[in-house]
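Novice: The following block contains the structure, expressed as structure tokens.
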Amino acid sequence: GPKIPMKYGRVDGTPTELAPAPFGLPAAFPDSPAQHLRDVFYKYDSMSDEDIVALSGAHTVGRAFADRSGTVKEGSAAGQGTVYTKRGAAEGQKSLSSGGRSWTKNWIVFDNSYFTDMGKNDPEVIY
Numbered sequence: 010g011p012k013i014p015m016k017y018g019r020v021d022g023t024p025t026e027l028a029p030a031p032f033g034l035p036a037a038f039p040d041s042p043a044q045h046l047r048d049v050f051y052k053y054d055s056m057s058d059e060d061i062v063a064l065s066g067a068h069t070v071g072r073a074f075a076d077r078s079g080t081v082k083e084g085s086a087a088g089q090g091t092v093y094t095k096r097g098a099a100e101g102q103k104s105l106s107s108g109g110r111s112w113t114k115n116w117i118v119f120d121n122s123y124f125t126d127m128g129k130n131d132p133e134v135i136y
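Just add 9 to wherever you are in the sequence shown, counting from 1, and you've got this note's numbering.
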């Protein structure tokens, strides 16, 4: 496939008005995950529960890192990661980095595995 240049990281502008709490990205370990997501995303008047679930499905791709978000214990240094991430992408596919903890076993494929595998309680992924 084509190579698409990508700059990683988040760049935010300087807000002129701060939104009332809760604001920003969802918390990593909220007491009530469903209510927390509603509190964060309902500020966009047109977002329904179905929209929030669809947005959450984007977690079928990607990983979290201890040295970036602090959500997981696995970092981006060589040798860190889970059975699915410590050598890069799963199933012989190529990735330029290793480490972290993914939300799905095959974290570079966009499919519905984030939802279908959630009940499997795989200790190697984030739920």
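We put the beta carbon where it would ideally sit given N, CA and C, even for glycine.
1) What residue does the alpha helix (DSSP H) around T125 start on, and which one ends it?
2) Could you check if Q89 is buried or exposed, using at least 16 other CB atoms within 10 Å of its CB as the buried criterion?
3) Determine contact between the segment 55-72 and the segment 107-127, defined as no fewer than three beta-carbon pairs at a distance below 8 angstroms.
4) What is the DSSP secondary structure of A63, reduced to helix, strand or coil?
5) What's the call for E83, buried or exposed, on a 16-neighbour Cβ count within 10 Å?
6) Which residues in the same chain as R47 place their Cβ atom closer than 8 angstroms to its Cβ, once the five residues preceding and following it in sequence are excluded?
Specialist: So, from the data block:
1) Numbered from 1 along the sequence shown, position 116 holds the residue referred to as residue 125. Counting along the chain, the alpha helix (DSSP H) containing T125 begins and ends at 122-125.
2) For the purposes of this step, residue 89 is taken as residue 80 along the sequence shown, with counting starting at 1. Around the beta-carbon of Q89, 16 or more other beta-carbon atoms lie within 10 Å, marking it buried.
3) yes
4) Position 54 of the sequence shown, counted from the start, is the residue given in the question as residue 63. Residue state, collapsed to three classes: helix.
5) Here residue 83 is taken as the residue at index 74 of the sequence shown, counted from 1. Counting Cβ neighbours within 10 Å, E83 comes out buried, since at least 16 surround it.
6) What you label residue 47 is simply residue 38 of the sequence shown in a count that begins at 1. Correct list, in chain order: D58, I61.
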